[in-house]
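Reviewing the structure listed below.
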Amino acid sequence: MNKYQIFGDYCHRCTRGLTGESVRLFSKGWCRQCYRCIACDKQLDHKDRVLEWDMRPMCKKCFYQKDFYKIVKQATKEEKNRSKVENK
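So the mapping is simple: my numbering equals the position in the sequence shown, first residue as 1, plus 16.
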């Protein structure tokens, strides 16, 4: 646990402290680089309409796709792999 997790806002995805431009959504903070659709990995803007999927943002386009469960499962797997690489 770092000082941002104890005393301040931090990014829900990368756990870095939030400074400058950030987004608060679903009671969580997101830095600009990490505020992405869980399914298509598109970087989202604070004005984009999103839906919540497992406490993470999903763009409306992906949510309304017929096979979005399959997309989310694949995206979650890719995100875990990406996190492992970033934490090395």
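The beta carbon of each residue, even a glycine, is placed where N, CA and C say it ideally should be.
- In three-state DSSP terms, what is cysteine 78? Here residue 78 is taken as the residue at index 62 of the sequence shown, counted from 1. Secondary structure of cysteine 78 (DSSP, three-state): helix.
- Task: In angstroms with no decimal places, state the Cα-to-Cα distance between serine 43 and aspartate 83.
- Result: Here residue 43 is taken as the residue at index 27 of the sequence shown, counted from 1. Here residue 83 is taken as the residue at index 67 of the sequence shown, counted from 1. Answer to the nearest angstrom: the Cα atoms are 28 angstroms apart.
- Task: Please name the residue in Ser99, Gly45, Gly36, Glu37 whose C-alpha comes closest to that of methionine 71.
- Result: Mapped onto the sequence shown, residue 71 falls at position 55. The candidate whose alpha carbon is nearest that of methionine 71 is Gly45.
- Item | Nearest candidate by alpha-carbon position, reference glutamine 59, set Tyr26, Cys47, Trp69 | Counted from its first residue, the sequence shown places residue 59 at position 43. Per the Cα distances, Cys47.
- Could you check what DSSP says for lysine 58 in three-state terms: helix, strand or coil? What you label residue 58 is simply residue 42 of the sequence shown in a count that begins at 1. Residue state, collapsed to three classes: coil.
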